[in-house]
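First up is the structure itself, then whatever we jot down about it.
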Amino acid sequence: MSNSSKQRKKIPPPALKRLTKYYAFVQELLEQGVDYISSQQIADRHGLTSSTVRQDLLYLDFTSQSQRGYNTYEFKDALKCVFGADKTWKLAVIGAGNLGQALALHGEFARRGFNISGIFDSDPKKIGQFVGSTKIRSMDEVSVFVQEHGVDVAVIAVPAQAAQDVADLLVASGIKGILNLTLTHIVVPSGVAVVEARIVASLFELSHIIKSAELDGLE
Numbered sequence: 216m217s218n219s220s221k222q223r224k225k226i227p228p229p230a231l232k233r234l235t236k237y238y239a240f241v242q243e244l245l246e247q248g249v250d251y252i253s254s255q256q257i258a259d260r261h262g263l264t265s266s267t268v269r270q271d272l273l274y275l276d277f278t279s280q281s282q283r284g285y286n287t288y289e290f291k292d293a294l295k296c297v298f299g300a301d302k303t304w305k306l307a308v309i310g311a312g313n314l315g316q317a318l319a320l321h322g323e324f325a326r327r328g329f330n331i332s333g334i335f336d337s338d339p340k341k342i343g344q345f346v347g348s349t350k351i352r353s354m355d356e357v358s359v360f361v362q363e364h365g366v367d368v369a370v371i372a373v374p375a376q377a378a379q380d381v382a383d384l385l386v387a388s389g390i391k392g393i394l395n396l397t398l399t400h401i402v403v404p405s406g407v408a409v410v411e412a413r414i415v416a417s418l419f420e421l422s423h424i425i426k427s428a429e430l431d432g433l434e
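Mapped onto my numbering, the consecutive letters of the sequence shown carry residue numbers 216 to 434.
Pasting the structure below:
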């Protein structure tokens, strides 16, 4: 398989989710000064088999492996290419409530290549205030702002009942992708990417794991 065909091949959601974990892991290793990592070490860290890890790595434009394992710098670069983290993305936060403001103040976004260009809200009392160095703007400014500043991605952090209207506005503004933090499903055209970040669903998953472990302990 050529490098170009690797990059064109669509990555299944389960593999993509694992690759995001590998990226965080390799970042951690680089900060610790680790130069090489093996597929078995990656597998052990994430509770996987080395075979699964090697299969996941087939999706990367990355073939460099020596007896010492994978070079962590090259590994990181290959993952960055897959995630588009080799470029800077402009991000808008829709909703200046507690969650939206916390996101706007989160320094990790900029470190990972996501620069928060604007934050928007419909509450007149919030408009004009600052979250860090970012001014809260009116929802009426979303379309013009997105187009003039070339915003790529938007995070929806509004009440659930407003989510679809906000999504429609973002789509009409030319946004490329949406991270939906609300509890409601949003519908967008096929050309717009959407990721639903369901915190409650994750808590259900966590509670199931805990409950299953408790039941196993009773056997």
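Don't be surprised by glycine CBs; every beta carbon is placed ideally from N, CA and C.
Fair warning: this is a prediction, and the values are worked out from it, not measured in the lab.
Secondary structure at K350: strand, using DSSP grouped into helix, strand and coil.
Comparing C-alpha distances from G262 to each of L245, K225, K236 and R326 shows the shortest one belongs to K236. Within the region 298-379, the complete alpha helix (DSSP H) runs of at least 4 residues fall at 313-319, 323-326 and 357-364. Secondary structure note for Y285: it is in no alpha helix (DSSP H), and the uninterrupted beta strand (DSSP E) holding it is G284 to N286. The three-state secondary structure of L396, taken from DSSP, is coil. In the three-state reduction of the DSSP assignment, A412 falls in the coil class.
Annotation for Y238: L294 place their beta carbon closer than 6 Å to its own, counting only its chain and skipping 5 residues before and after. Each residue's CA atom was taken as its position, placing V415 and T399 some 11 Å apart.
The straight-line gap separating the alpha-carbon atoms of S265 and F335 is approximately 45 Å.
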